[in-house]
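Peer 1: Below is one structure. I have some questions about it.
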Amino acid sequence: MPQRTLPRLERFVAGLAGGLDAFPSALAKGALVRNLLEDEPLPEILPALPEPLRRLATEPPVGSEWIPEAHFDALVLAVADARGLTDAELLSWTRARNLRLFSSPAYRILMAVMSPAQLLRFAGARWTNWHRGTTLEVEGIADDGVMASLRYPRGLFDPTILRVYGEAFTAALQMANAKEPAVTVVAEQPGLARYRASWS
């Protein structure tokens, strides 16, 4: 199999001051890595991954372990690049992965009995179950939409990763029985992204 280029990963790492060692206090839960790698063709992907991402994919952390957020986000982009996904396919894959995660027994019953507004009321606290060193703040909750702000160390998230998280938020709304949910980045500045979430 010819070696694939990894353009999204390369752009992401180039934007990190200090490369993949940047922002050590920003962390992601190991369970996210395991969800990311589930059902992936690792023998085909591993040769394309640089260290430390190859090691992370070969020896994924236990679900309760914390890893650098930069490593998790880089792995998302590296796997998408290694698989040759288009931007649209990357976002579709992201939503499918998160739907699978939220459909697990630990989350399915809880999320299925919540309305979208109820789910969003606790979104900031739920974000901290999966991420440290970054915060999600929800404002202006209504029956058909909401604004939210994602705050993070400057340079940690690039535009692609921000859209990836938008798909994760959309998946959560879908699990909460929102009809035609959509979450889009409406404003971005260093260290801050604002999202608009809507549904019918």
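Numbering-wise, the working numbering puts 154 at position 76 of the sequence shown, and it's gapless, one number per residue. Glycine included, each C-beta is placed from N, C-alpha and C at the ideal position. Here the structure is a predicted model, which is why all the values come from computation and not from measurement.
Quick check on the burial criterion: 16 or more other C-beta atoms within 10 angstroms. Buried or exposed for residue 223?
Peer 2: buried
Peer 1: Please state whether DSSP places residue 167 in a helix, a strand or coil.
Peer 2: helix
Peer 1: Can you tell me where the beta strand (DSSP E) with residue 153 in it begins and where it stops?
Peer 2: Element bounds for residue 153: not the beta strand (DSSP E) but the alpha helix (DSSP H), 147-160.
Peer 1: In whole angstroms, give me the CA-to-CA distance for residue 194 and residue 129.
Peer 2: 39 Å
Peer 1: Between the stretch 170-181 and the stretch 144-151, are three or more C-beta pairs nearer than 8 Å?
Peer 2: no
Peer 1: Does DSSP classify residue 109 as helix, strand or coil?
Peer 2: helix
Peer 1: Could you check the C-alpha separation between residue 96 and residue 137 for me, to the nearest Å?
Peer 2: 24 Å
Peer 1: Is it true that the CB of residue 232 sits closer than 9 Å to the CB of residue 269?
Peer 2: yes
Peer 1: Give me, in chain order, the residues of the same chain whose beta-carbon lies closer than 7 Å to that of residue 150; leave out the 5 immediate sequence neighbours on both sides.
Peer 2: 106, 110, 111
Peer 1: Nearest-angstrom Cα distance between residue 103 and residue 212?
Peer 2: 9 Å
Peer 1: Rounding to the nearest angstrom, what Cα-Cα distance links residue 100 and residue 87 in this structure?
Peer 2: 15 Å
Peer 1: Tell me the residue span of the alpha helix (DSSP H) that contains residue 91.
Peer 2: 85-92
Peer 1: Note down the Cα distance separating residue 89 from residue 184, rounded to an integer number of angstroms.
Peer 2: If you draw a straight line from the Cα of residue 89 to the Cα of residue 184, it comes to about 35 Å.
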